[in-house]
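See structure below.
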Amino acid sequence: MYRAMPVIQESAQELKARMQRERHGQKRQRLQMLYLIAGGQARTRTALAPRLGVNRETVGDWLRLYADGGLSALLTIRTPPGKAPTIPPAVLDDLRERLRQPDGMASYAEVRVWLATQHGIQMRYTAVANDVHRKLKTRPQVVRPRHIKKP
Numbered sequence: 020m021y022r023a024m025p026v027i028q029e030s031a032q033e034l035k036a037r038m039q040r041e042r043h044g045q046k047r048q049r050l051q052m053l054y055l056i057a058g059g060q061a062r063t064r065t066a067l068a069p070r071l072g073v074n075r076e077t078v079g080d081w082l083r084l085y086a087d088g089g090l091s092a093l094l095t096i097r098t099p100p101g102k103a104p105t106i107p108p109a110v111l112d113d114l115r116e117r118l119r120q121p122d123g124m125a126s127y128a129e130v131r132v133w134l135a136t137q138h139g140i141q142m143r144y145t146a147v148a149n150d151v152h153r154k155l156k157t158r159p160q161v162v163r164p165r166h167i168k169k170p
């Protein structure tokens with residue numbers, strides 16, 4: 020289905036300046052699309068797509084966003100919500116405090132048991148190790164035995 024190109028409200032100079040200031044790559048690409056249209060360098064979606072390195076359907080989606088909501092709608096990048104963390108932030112704080120205590124925890128297995136008994140969170144050993152290592156930037160520590168003659 021053929022759709023007419025929307026009328027670009029901003030001037031080519033304004034779009035070029037904004038495009039050069041923009042640090043976000045996807046937003047810069049969308050501003051470049053508007054700049055090419057406003058400057059008369061491209062007249063169709065099919066001509067725009069190879070210059071931008073995207074599919075013509077993507078160009079059509081962007082133009083539809085611009086026609087419906089203007090520049091602000093076009094520059095809104097949707098980010099998916101992602102997976103919820105396995106260990107809630109409050110439990111992470113408790114775990115951080117527990118690991119800071121002088122007696123500490125001897126192993127990731129002990130951390131795993133502590134999570135199960137104190138907070139009812141069942142996790143695999145590797146998941147616990149990854150979370151403690153990556154999110155807390157620490158590891159289980161316990162005072163190691165020393166020889167009695169060693170100073």
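Residue 65 in my numbering sits at position 46 of the sequence shown, and the numbers go up by one each step.
Quick reminder that beta carbons are idealized off the backbone N, C-alpha and C, glycines included.
Keep in mind the model is a prediction, meaning the values are calculated, not measured.
Item to check | Cβ pair residue 64, residue 79 closer than 8 Å | outcome: yes
Item to check | Residue of 168, 123, 132 and 31 minimising C-alpha distance to residue 59 | outcome: 31
Item to check | Residue from 121, 92 and 105 with nearest C-alpha to residue 150 | outcome: 105
Checklist entry - First and last residue of the alpha helix (DSSP H) that includes residue 151? => result 144–154
Item to check | residue 104, DSSP secondary structure in three states | outcome: coil
Checklist entry - Roughly how many angstroms lie between the CA atoms of residue 134 and residue 42, to the nearest whole one? => result 42 Å
Item to check | Boundaries of the alpha helix (DSSP H) in which residue 138 is found, first to last residue | outcome: 127–138
Checklist entry - Under a three-way DSSP split, which group does residue 90 fall into? => result helix
Next on the checklist: Starting from residue 70, trace the alpha helix (DSSP H) in both directions and tell me its first and last residue.
Outcome noted: 64–71
Next on the checklist: Let's test the definition: count the other Cβ atoms within 10 Å of the Cβ of residue 167 and tell me whether it reaches 16, buried, or not, exposed.
Outcome noted: exposed
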